[in-house]
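Trainee:
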Amino acid sequence: MLCAIAAVLFTLAQSSRADSAHPVWSEVPWPFPIDQWGKGKAFACKAADCGTQITVYVRAKIGFCNCSTGVADDEELDRISDFELIGNQATPQSPGRPIAVAWMNGRSRAFNAEGAMGAKVSALSVGFNDRCDAIVATAVVAPGRAAEIEPAVLGFLNSRTVLRWAEATLGL
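Counting from 1 along the sequence shown, just add 11 to a position and that's the residue number in this note's numbering.
#1: Give me, in chain order, the residues of the same chain whose beta-carbon lies closer than 6 Å to that of A101; leave out the 5 immediate sequence neighbours on both sides.
#2: Does the count of Cβ pairs from the stretch 112–120 and the stretch 134–148 closer than 8 Å reach three?
#3: When the Cα atoms are used, what is the spatial distance from Y68 to I110?
#4: Going along the chain, which unbroken runs of the alpha helix (DSSP H) with 4 or more residues stay wholly within the stretch 117–179?
#5: If you run the structure through DSSP and keep just helix, strand and coil, what is L181?
#6: Throw me the rounded Cβ distance for the S133 and P154 pair, which I believe falls under 8 Å.
#7: According to DSSP, is C56 part of a helix, a strand, or is it coil?
#8: Helix or strand or just coil, what does DSSP make of I97?
#9: Which residues in the same chain as N77 place their Cβ atom closer than 6 Å to its Cβ, once the five residues preceding and following it in sequence are excluded?
#10: Would you please verify whether the beta carbon of V173 is less than 8 Å from any beta carbon of chain C?
#11: Along the chain, where does the alpha helix (DSSP H) that runs through I91 open and close?
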């Protein structure tokens with residue numbers, strides 16, 4: 012009986028510890044050359060905080076979104092995505108799905124990609140819009156892990172840090 016109680020308490024403690032995991036995001040330098048969309052923001056979450064190393068690149072594409080429908084389907088998400096940041100060799104893992112970031116709607120989709128110097132990575136492409144302006148986030152992670160990081164990435168994109176940046180960048 013005592014062993015059973017100890018096992019239950021141990022399980023509850025482990026479950027509580029797992030539930031209290033909290034991603035910690037730090038801004039890191041934007042590593043890419045300036046292109047037609049300008050410099051964006053880059054953030055990283057260490058494996059100890061997110062379960063795996065995640066790097067998120069986010070930037071605005073002013074006037075580049077379909078004004079009437081927004082980022083409503085995979086075709087539009089693929090069109091506005093920043094695949095060139097990870098090497099342009101992106102293959103979808105599955106169909107995308109609708110998401111929301113604050114007042115903006117959009118889509119997310121997991122991809123397998125070939126990064127710099129042939130390194131295999133996974134990427135989660137997230138696009139959302141305010142009228143005709145899109146915000147695109149690309150989360151890069153170890154191969155095969157893009158779909159599982161979506162909750163942490165969407166949580167971060169809904170954070171005060173990103174939303175303040177989005178409001179300032181979109182002129183709201």
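Virtual Cβ for every residue (Gly too), placed ideally from N, Cα, C.
Mentor: On the basis of the data shown:
#1: Numbered from its first residue, the sequence shown carries residue 101 at position 90. Residues of the same chain with a CB within less than 6 Å of the CB of A101, apart from the 5 flanking positions on each side, are F94, F122, A124 in chain order.
#2: Yes: the two stretches touch, three or more of their Cβ pairs being nearer than 8 Å.
#3: Here residue 68 is taken as the residue at index 57 of the sequence shown, counted from 1. Here residue 110 is taken as the residue at index 99 of the sequence shown, counted from 1. Note on geometry: alpha-carbon atoms of Y68 and I110 lie some 18 Å from one another.
#4: Restricted to the stretch 117–179, the alpha helix (DSSP H) segments that are unbroken, complete and at least 4 residues in length are 161–168, listed in chain order.
#5: Mapped onto the sequence shown, residue 181 falls at position 170. L181: coil per DSSP, three-state reduction.
#6: By one-based count along the sequence shown, residue 133 stands at place 122. By one-based count along the sequence shown, residue 154 stands at place 143. Sure, about 5 Å apart at Cβ, within 8 Å.
#7: Walking along the sequence shown from the start, residue 56 turns up at place 45. DSSP places C56 in strand when its eight states are reduced to three.
#8: For the purposes of this step, residue 97 is taken as the residue at position 86 of the sequence shown. The answer is helix: DSSP assigns I97 an H, G or I state.
#9: Within the sequence shown, the letter at position 66 stands for residue 77. Within the same chain, N77 has close Cβ partners E87.
#10: Here chain C cannot be found, since the structure has a single protein chain.
#11: As a working mapping, residue 91 is identified with position 80 in the sequence shown. Taken as a continuous stretch (DSSP letters only), the alpha helix (DSSP H) holding I91 covers 85–91.
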